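Below is one structure; the comments refer to it alone.
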Amino acid sequence: MKAMVLREISPIEQGSLKMEDFPDPVPGSGEILVKVSTCGVCHTELDEIEGRLQPEFPIVLGHQVIGRVVGLGPEAKRFGSGNRVGIAWIYSACGTCDFCQRGDENLCSDFKGTGYHAHGGYAQYAVIHENYAYSIPERFSDAQAAPLLCAGAIGYRDLMLSGIKKGQILGLFGFGASAHIVIQVAKYWGCEVFVFTRSGAHRELAKKLGACWAGGPEDQPPKKLHCAIDFTPVGETVPNALRVLEKGGRLVLAVIRKRNPIPPLDYARHLWNEKEIKSVANITRRDARDFLSLAAEIPIIPEVQEFKLEEANQALLLLKQGKIQGSGVLRVAD
Ligand SMILES: [Zn+2]
Ligand SMILES: [Zn+2]
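Per the working numbering, residue 12 is the first one in the sequence shown, and the count goes up by one each step.
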């Protein structure tokens, strides 16, 4: 099959992924073979390409995969041939450790990520255990559905962990793929949303999607925030967000890695008055399932910028530069 393959760490500006003939994956016991239609582009891929995460090479990236079942491994019976399915970041978890037992499979000691510990969707085919695949609500096209699987599902987890309540004020720092979905959920829940981003185009999209206010990351919003979610890959956002957080408020950090260190925090200014910081790690299958049905109910309409599979480097470069409106999605097959 054709795949965009990563074989070594390099800045994305160097065109890190190469189109290759890669061995077709073979579904093992309980696994399904998926012919990939679309695959979303995520910041985590930049972390892998540029060495902030360490996958084993060679690796096929991509963890927001929409496709159709074209083969079943032994014992696989949940889906039939031709069924549309999605594959998300959680590739597998052990099911037996303390974290798995209490429902926190995202923290599993043996958590495996799609496109990280196992090959993902920047390719014509992918395999996944049937228990880790999702049915996709019909109202979404293949391109619209892809970003729901990470940008959407992790954004939903961020929102749940922020503890935001109906009618409260939510701040979003950075307005990329995840934030543009999160704002739609927060509006549906009756929240006021303030958006902080350097990009003029992203501020415009934020206003179009219902933000009450949009400004720069250092700007003073009209009111303090009950909760904030930081989607940016830079460390400076953390003190900026804590500064405008209401007493007792919580800041959720949504990225896996920051590109640069978080500056020293001033206890009195940034943390006192019971402010909290919480990071988010991975997703559970329940997050993905719950979010997919919520997305269909609202409905969420993801803004999508499509690229061909062979344009993955370009899509990732634009993502790094903050130049994608909404979500970048690779079109692998029609
Ligand atoms: Zn992702
Ligand atoms: Zn486990």
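For each residue, glycine too, the CB sits at the ideal point set by N, CA and C. Only a predicted model underlies this, so the values are computations on that prediction, with no experimental measurement involved.
Item                                                                                                : Value
Minimum C-alpha distance to Arg-342 - residue among Phe-33, Trp-100, Thr-107, Ser-152               : Ser-152
Limits of the alpha helix (DSSP H) - the one that Gly-82 falls within                               : Taken as a continuous stretch (DSSP letters only), Gly-82 belongs to no alpha helix (DSSP H), being part of the beta strand (DSSP E) at 76-83.
Cutoff 7 Å; reference Glu-61; Cβ partners in own chain excluding five residues on either side       : Ile-20, Pro-22, Ile-23
Sequence ranges, beta strand (DSSP E) only - wholly within the segment 227-287, length at least 3   : 236-241, 256-264
Any heavy atom of ligand 2 nearer than 5 Å to the CB - residues listed                              : Ala-104, Cys-105, Cys-108, Cys-111, Cys-119
Candidates Val-71, Ala-225, Ile-311, Lys-234: closest to Arg-150 by CA position                     : Ile-311
Through-space distance from His-74 to Phe-184, alpha-carbon basis                                   : 23 Å
The segment 41-57 in contact with the segment 79-99 per 3-pair CB rule at 8 Å                       : yes
Collapsed DSSP secondary structure at Met-171 in the structure displayed                            : helix
Where Ala-32 sits in the DSSP three-state scheme                                                    : It should be pointed out that residue 32 corresponds to Asp in this sequence rather than to Ala. Three-state DSSP puts Asp-32 in a strand.
Spatially closest choice to Tyr-102 from Ala-129, Gly-166, Gly-226, by CA coordinates               : Ala-129
Same chain, Cβ closer than 6 Å to Gly-178, five either side skipped, listed in chain order          : Gly-201
Cα-Cα separation, Ala-144 to Gln-65                                                                 : 25 Å
Extent of the continuous alpha helix (DSSP H) to which Ile-192 belongs                              : 188-199
First and last residue of the uninterrupted beta strand (DSSP E) at Arg-342                         : 338-342
Contact set for His-281: own chain, Cβ-Cβ below 7 Å, skip 5 residues either direction               : Pro-250, Leu-253, Arg-254
Under the three-state DSSP convention, the category His-128 falls into                              : coil
Cβ-based neighbour list, Pro-85, same chain, cut-off 7 Å, excluding 5 preceding and 5 following     : Ser-40
For Val-80 and Thr-107, the rounded distance between their alpha carbons                            : 28 Å
Length of the line joining the Cα atoms of Ala-162 and Arg-113                                      : 25 Å
Residues proximal to ligand 1 by C-beta, any heavy atom closer than 5 Å                             : Cys-53, Thr-55, Cys-161
As assigned by DSSP and simplified to three states, the class of Cys-50                             : strand
Inter-residue CB distance, Leu-262 and Asp-241 (contact presumed, cutoff 8 Å)                       : 6 Å
Through-space distance from Leu-83 to Ala-292, alpha-carbon basis                                   : 31 Å
Segment contact, 8 Å Cβ cut-off, at least three pairs: the segment 156-174 with the segment 304-319 : yes
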